[in-house]
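Visitor: My questions all concern the structure below.
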Amino acid sequence: MVLNDLLEIKERERKARKGTVLRCCVAAGCLSANSQAVKDGLDKAVKEKGLEGQVEVRGVGCMGLCCQGPLVQEDPAETLYVKVNPEDAPAIVDALGKNPAPGLPTTDPHAPFFKKQMPVVLENCGRIDPERIESYIAEDGYLALHDVILEMTPKEVVENVVKSGLRGRGGAGYPTGLKWATVAKTVGERKFVICNADEGDPGAFMDRSVLESDPHRVLEGMAVAAYAVGASQGYIYVRAEYPLAISRLQAAIRQAKQYGLLGGGIFESPFNFNVEIRIGAGAFVCGEETALMSSVEGKRGSPRPRPPFPAESGLWGNPTLINNVETYANVPVIIRKGAEWFSAIGTEKSKGTKVFALAGKIRNTGLIEVPMGVPLREIVEEMGGGVPDGSEVKAVQTGGPSGGCIPAAALDIPVDYESLAKVGSIMGSGGMIVMDEDTNMVDVARFFMEFCMDESCGKCVPCRTGTVQMHQLLDKIIQKRGAAEDLERLEELCDVVKNTSLCGLGQTAPNPVLSTLRFFRHEYLELLKQRETGAQPPA
Amino acid sequence: MHPYVAKIKKKMPAAAQFPPSGDKRYKILETAMKRHQHKPDALIEVLHTAQELFGYLENDLLLYVAHCLKLPPSRVFGVATFYHFFNLKPKGKHTCVICMGTACYVKGADKLLASIEQVAGIKAGETTADGEVSLLTARCIGACGIAPAVVFDNAVTARVLPATAVERVKGWMQHGS
Amino acid sequence: MAAKTLTIDGRLVGAHENQTVLEAASEAGIKIPTLCHLDGIADAGACRLCLVEVAGSPRLHPACVLKVAEGMEIKTQSERLRKYRRLLLELLFAERNHVCAVCVANGHCELQDLAMDLGMDHVRYQYRFQPFAVDVTHRLFGLDHNRCVLCTRCVRVCSEVEGAHTWDMEGRGAKARVITDLKQPWGEADSCTSCGKCVHGCPTGALFFQGSTVGEMERDRTRLEFIVTAREKKQWIA
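Protein sequence lines, in the order shown, are assigned to chains A, B and C.
Going letter by letter, the first sequence gives residues 245 to 783 in our numbering.
Going letter by letter, the second sequence gives residues 26 to 202 in our numbering.
Going letter by letter, the third sequence gives residues 313 to 550 in our numbering.
Shown next, in the form of structure tokens:
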């Protein structure tokens, strides 16, 4: 494979495109609503009408509006059919090029949910066929890898990423370029690149969608990273809960190898890079980087103290670069369009865009990508369409079990790393769950504490035993058996678990309690008060 | 001879001639281990394969894997019990996995679970006495856009109501009796 | 090996570059509380009792795995550290059933010593009162999960020093337990060489010699040190 071959594939793919395209979502959300049958129905209808020459039915990844699935979009007419049934297929094909098929529900692809988005990571999501590498190449796929290998030194690549201002999308927001530079500088016989696709936060499905919709993008990002830091072996650690993402990744790796875009001598250069998939087995703590590496080594996913950091001593003691799916997915476009282009998006300290999974008590649930710094209110009210059934937003939960609940009064904050931290939450990996007035915030705190208790690896004392005690206290308070001293003890435990735990799981486990105590303390106090009245001797 | 060596020796002539009684599953497992060059770091991958083949991981199977990957049995047991995806006991003929992710939770997954627990007479993580239905919970299956989600026999189902779920599980239970 | 100079509790201390803060402190006669640490085996950083303050770092660091560095300023004692250590001990006592009065290790128990040293005289958290069985199937030793603090010393000493790797951890979180082989009774664990290193390494009354009664269980740590020195340095000194 040389540049010309790549361009030829792109040319061929573009020429073969037909005048009309029916894009049918076959990502996990829509598949669970029977979208495979819809696609088969469309295929059949096109065939029966003899339109194969003019119409392409393309299975694509996530189109974003998951709550309305299965989704089918007709291009260039820009008709977006929602909640499509397999029986509707003939009617959709009949109406091609005319007005939308009568009686079938559609939605406006120019509604705020779509219009306010800025697809960078998701630029191909819902557009290309994730199961065909040619479809990715047609959108300039693997061009960045080519340019990097043949026209840039590893140092220049790292400098580019530093300049872009990209920060880790896994949660903590560590500057990606700095991480790459450390691994590149560390001397080691072997180095590794790992993609963290163990998206464990409940309420988050950004990485799953990216892997299911545009897997080659992640592979390309990893290959660029490997070249920059001097690694030749990569691992993608995916949750076992994502079988579709795994099978699409497997197919993508196979195709990339066939084309010589992975493996030995990529683009006929001396650069080698192989990728292996490692499947998780249901342990949230494996999202923590040292635990993840233990798991890749086939061990219990227990974290170990840092330092030493993975960049110095990671997999089998070798320098290891570990980034999240969305971080890698940003890399090809940064190379292609330039660091300046990327750093012009977003805010001063938070560059680029962020993908969010919008869920909970909100009208439009699904996947969105917005520039950093967008007001939270715009996401929730304009794009998300607010809370259904006339209820009001009470809080927005971000950052999963490590994050916090942002109260409705703070909805005007811009969504960036610093602003979210200021209100006691974190950016996290991008889960955004809207809660309405019916939600009991103490119950939410208990829900997350139960999660952390179950997911604690049990290695360090504060996390293993502290989460159990905190859960018991929350239980007691919810059951109206709590006293004022229980609240004190809860706060004391938050302090000790946060400051003495070994890894991120324990250190952040108290966050949902701390944040609900900060903004919804009255709900705790109300429950304590109810005990006092309830405890009075019967008259 | 050390008792451990003795036990392995006693067990392994059979293991070396796997498949015993023509059990093809051991052959497939052996192929999977070979693909990983019997490297100990492939333990989790191998356990995935073993569970796919046998449905669950019983002690003899764990011991066999330990021996083939040259790992101590306690380490294999430790790994198999650390990860909740692995079952050391047989699962029911049908499985009902209720997603307890945040999005599903705020949309009533707890009520969904309670109603199924009641009708099936088992708690999450258990299997009905007749071996028909296993009731499980998941941390988050990433289907938050269609919450609450339930996986009935590997098929993700969107926006499940307690009544629908109960009907489904009841159907399985009646079918079995 | 290059030497490093650091300050621990206001005292200048010299150390080799590969030493940990805990080693440097202990050589200088400064005592830092530990529980999961055992001389001669790898450190886990799990009990969090040896957390110390490092000037310039917002986080607390476990002294057992923190490597010394030139000019490092360490505080091993502060009101905050003492409070955390006391709370951690309270959490440990509430987790299992540590009833000193009827324990074989009474008077020879590191958990008990720590509680006395750190002034933890009562537990304000809800005891979990989980029922645990006692395994006395081994002809020489016994295992009492009620007294286990999950420090994994037995796991590490068996794997690293004896090389049998009979012990490991089952499950995770609050459900974690130490196990032998495939969780069969200890007496049926085929890989066990009955060397007793785990028993000598155990900090509490969780592992004991058969026949010990209350307060009788004393351990001989010098035996472990002897073996480790012999293996690593080829020096046979008792």
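Glycine is no exception: its CB is placed at the ideal position from the N, C-alpha and C atoms.
Computed from a predicted model, the values in this text were never measured in an experiment.
Report buried or exposed for residue 42/B, applying the criterion of at least 16 other Cβ atoms within 10 angstroms of its Cβ.
Guide: Counting from one through the second sequence, the residue named residue 42/B turns up at place 17. Only weak support exists for where residue 42/B lies, its pLDDT of 45 falling under 50; the coordinates are left without a value.
Visitor: Should residue 215/A and residue 312/A be called a contact, given that it needs their Cβ atoms to be closer than 8 angstroms?
Guide: Shown here, chain A extends from 245 to 783; a query on residue 215/A therefore has no answer.
Visitor: Can you give me the start and stop residues for the beta strand (DSSP E) that residue 364/A sits inside?
Guide: Translated into positions along the first sequence, residue 364/A becomes position 120. From DSSP, residue 364/A is part of no beta strand (DSSP E); its letter is neither H nor E.
Visitor: By alpha-carbon positions, which one of 471/A, 308/A, 528/A, 684/A ends up nearest to residue 508/A?
Guide: Taking the first residue of the first sequence as 1, we reach residue 508/A at position 264. Out of 471/A, 308/A, 528/A, 684/A, 471/A has the C-alpha closest to the C-alpha of residue 508/A.
Visitor: Could you tell me how far apart the beta carbons of residue 734/A and residue 757/A are, in whole angstroms, since I believe they sit closer than 8 angstroms?
Guide: Sequence index remark: in the first sequence, residue 734/A carries index 490 (1-based). Sequence index remark: in the first sequence, residue 757/A carries index 513 (1-based). Sure, about 7 angstroms apart at Cβ, within 8 angstroms.
Visitor: For residue 480/C, collect the residues of the same chain with a Cβ closer than 7 angstroms to its Cβ; drop the 5 residues on either side in sequence, then sort them by chain order.
Guide: Indexing the third sequence from 1 puts residue 480/C at position 168. Cβ neighbours of residue 480/C beyond the five flanking positions: 467, 491.
Visitor: Determine the chain F residues that contact residue 702/A at a beta-carbon separation under 8 angstroms, and present them in chain order.
Guide: Included in the structure are the protein chains A, B and C, with no chain F among them.
Visitor: Got a sec: is the Cβ-Cβ distance from residue 88/B to anything in chain C below 8 angstroms?
Guide: Position 63 of the second sequence, counted from the first residue, corresponds to residue 88/B. Interface residue, yes.
Visitor: How far does the beta strand (DSSP E) with residue 564/A in it reach, from first residue to last?
Guide: Position 320 of the first sequence, counted from the first residue, corresponds to residue 564/A. Taken as a continuous stretch (DSSP letters only), the beta strand (DSSP E) holding residue 564/A covers 564 to 568.
Visitor: Any C-beta of chain C within less than 7 angstroms: which residues of the segment 92 to 105 of chain B qualify?
Guide: Per Cβ criterion, the list reads 97, 98, 99, 100, 102, 103.
Visitor: Run through DSSP, which three-state label would residue 598/A get?
Guide: Start at 1 with the first residue of the first sequence, and residue 598/A comes out as number 354. The answer is strand: DSSP assigns residue 598/A an E or B state.
Visitor: Between the segment 722 to 736 of chain A and the segment 546 to 558 of chain A, can you find at least three pairs of beta-carbon atoms closer than 8 angstroms?
Guide: Result no; under three Cβ-Cβ pairs closer than 8 angstroms.
Visitor: Take the Cβ of residue 188/B as the centre, count every other Cβ of all protein chains shown within 10 Å, and call the residue buried at 16 or more, exposed below.
Guide: Counting from 1 along the second sequence, the entry for residue 188/B is found at position 163. Classification for residue 188/B: exposed.
Visitor: Could you name the residues of the same chain whose beta carbon sits closer than 6 angstroms to that of residue 202/B, not counting the 5 residues immediately before and after it, in chain order?
Guide: Reading the second sequence from its first residue, position 177 is the one you call residue 202/B. For residue 202/B, the predicted structure reports a pLDDT of 47, less than 50, and the residue's modelled location is therefore unreliable. A value from the coordinates is still provided. Contacts found: none.
Visitor: Starting from residue 391/A, follow the beta strand (DSSP E) in both directions and report where the run begins and ends.
Guide: Residue mapping note: residue 391/A aligns to position 147 of the first sequence, counting from 1. Run containing residue 391/A: none in the beta strand (DSSP E); it sits in the alpha helix (DSSP H), 387 to 395.
Visitor: Determine which residues share a DSSP beta bridge with residue 328/C and list them.
Guide: On the third sequence, position 16 is the one that residue 328/C refers to. DSSP, once it has assigned bridges, lists 315/C as partnering residue 328/C.
Visitor: If you measure between the beta carbons of residue 181/B and residue 272/A, is that distance less than 8 angstroms?
Guide: Taking the second sequence and counting its residues from 1, one reaches residue 181/B at position 156. Taking the first sequence and counting its residues from 1, one reaches residue 272/A at position 28. Against a cut-off of 8 angstroms, the Cβ pair of residue 272/A and residue 181/B comes out as a contact.
Visitor: Using the C-alpha atoms, what's the distance from residue 705/A back to residue 717/A?
Guide: As a working note, residue 717/A is residue 473 in the first sequence. As a working note, residue 705/A is residue 461 in the first sequence. Rounded to whole angstroms, residue 717/A to residue 705/A spans 18 angstroms at the Cα level.
Visitor: Helix, strand or coil, according to DSSP, for residue 48/B in the structure here?
Guide: Stepping through the second sequence from its first residue, residue 48/B is reached at position 23. Residue 48/B: coil per DSSP, three-state reduction.
Visitor: List the residues that DSSP assigns as beta-bridge partners of residue 520/C.
Guide: Taking the third sequence and counting its residues from 1, the one referred to as residue 520/C is at position 208. DSSP output for residue 520/C lists 454/C as bridge partner(s).
Visitor: Near residue 438/C, which residues of its chain fall below 8 angstroms by C-beta distance, leaving aside the five closest residues on each side in sequence?
Guide: The count along the third sequence starts at 1 and reaches residue 438/C at position 126. Excluding positions up to five away in sequence, the list reads 406.
Visitor: Determine whether the Cβ of residue 356/A lies closer than 8 angstroms to any Cβ atom of chain C.
Guide: Sequence index remark: in the first sequence, residue 356/A carries index 112 (1-based). Output row for residue 356/A: interface = no.
Visitor: Report whether the distance from the Cβ of residue 677/A to the nearest heavy atom of the ligand MN is below 7 angstroms.
Guide: Here there are no bound small molecules, and the ligand MN is not part of this structure.
Visitor: Is there at least one Cβ from chain A nearer than 8 angstroms to residue 40/B's Cβ?
Guide: Position 15 of the second sequence, counted from the first residue, corresponds to residue 40/B. Caution is warranted here: a pLDDT of 46 is assigned to residue 40/B, below 50, making its placement in the model unreliable, and no coordinate value can be reported.
Visitor: Just to make sure I have the definition right: I need the residues of chain C whose C-beta is within less than 9 angstroms of the C-beta of residue 544/A. Which are they?
Guide: By 1-based counting over the first sequence, the position of residue 544/A is 300. What residue 544/A touches in chain C: 480, 481, 484.
Visitor: Name, please, each residue of chain C whose Cβ falls closer than 8 angstroms to the Cβ of residue 697/A.
Guide: Mapped onto the first sequence, residue 697/A falls at position 453. 485, 486, listed in chain order.
Visitor: Can you give me the C-alpha to C-alpha distance between residue 463/C and residue 144/B, rounded to a whole angstrom?
Guide: Your numbering for residue 463/C matches position 151 in the third sequence. Your numbering for residue 144/B matches position 119 in the second sequence. If you take the alpha carbons of residue 463/C and residue 144/B, they lie about 42 angstroms apart.
Visitor: Please report how far the alpha carbon of residue 293/A lies from the alpha carbon of residue 51/B, in whole angstroms.
Guide: In the first sequence, residue 293/A corresponds to position 49, counting from 1. In the second sequence, residue 51/B corresponds to position 26, counting from 1. Computed Cα separation, rounded: 50 angstroms.
Visitor: Would you call the CB atoms of residue 413/A and residue 533/A closer than 8 angstroms?
Guide: Taking the first sequence and counting its residues from 1, the one referred to as residue 413/A is at position 169. Taking the first sequence and counting its residues from 1, the one referred to as residue 533/A is at position 289. Not a contact, by the Cβ cut-off of 8 angstroms.
Visitor: Could you list which residues in chain C have their beta carbon closer than 8 angstroms to that of residue 710/A, in chain order?
Guide: Position 466 of the first sequence, counted from the start, is the residue given in the question as residue 710/A. 403, listed in chain order.
Visitor: Listed in chain order, which residues of the segment 105 to 125 of chain B have Cβ atoms closer than 8 angstroms to some Cβ of chain C?
Guide: Here the close residues are 106, 107.
Visitor: Tell me which residues share the same chain as residue 516/A and place their Cβ nearer than 8 angstroms to its Cβ, disregarding the 5 neighbours each side in the sequence.
Guide: Position 272 of the first sequence, counted from the first residue, corresponds to residue 516/A. If we look at residue 516/A and ignore the five residues flanking it on each side, its Cβ neighbours are 476, 507, 508, 509, 510.
Visitor: Do residue 463/A and residue 497/A have their C-beta atoms within less than 8 angstroms of each other?
Guide: Reading the first sequence from its first residue, position 219 is the one you call residue 463/A. Reading the first sequence from its first residue, position 253 is the one you call residue 497/A. In contact: residue 463/A and residue 497/A (Cβ atoms closer than 8 angstroms).
Visitor: Mind pulling the beta strand (DSSP E) runs of 3 or more residues that sit fully within the segment 440 to 505 of chain A?
Guide: Counting whole runs of 3 or more residues, the segment 440 to 505 of chain A contains the beta strand (DSSP E) stretches 477 to 482.
Visitor: Which residues bound the alpha helix (DSSP H) around residue 288/A?
Guide: Within the first sequence, the letter at position 44 stands for residue 288/A. Element bounds for residue 288/A: 279 to 292.
Visitor: Show which residues of chain A have a CB atom less than 8 angstroms away from the CB atom of residue 357/C.
Guide: Locating residue 357/C in the third sequence gives position 45, where the first residue counts as 1. Per Cβ cutoff of 8 angstroms: 548, 549, 704, 746.
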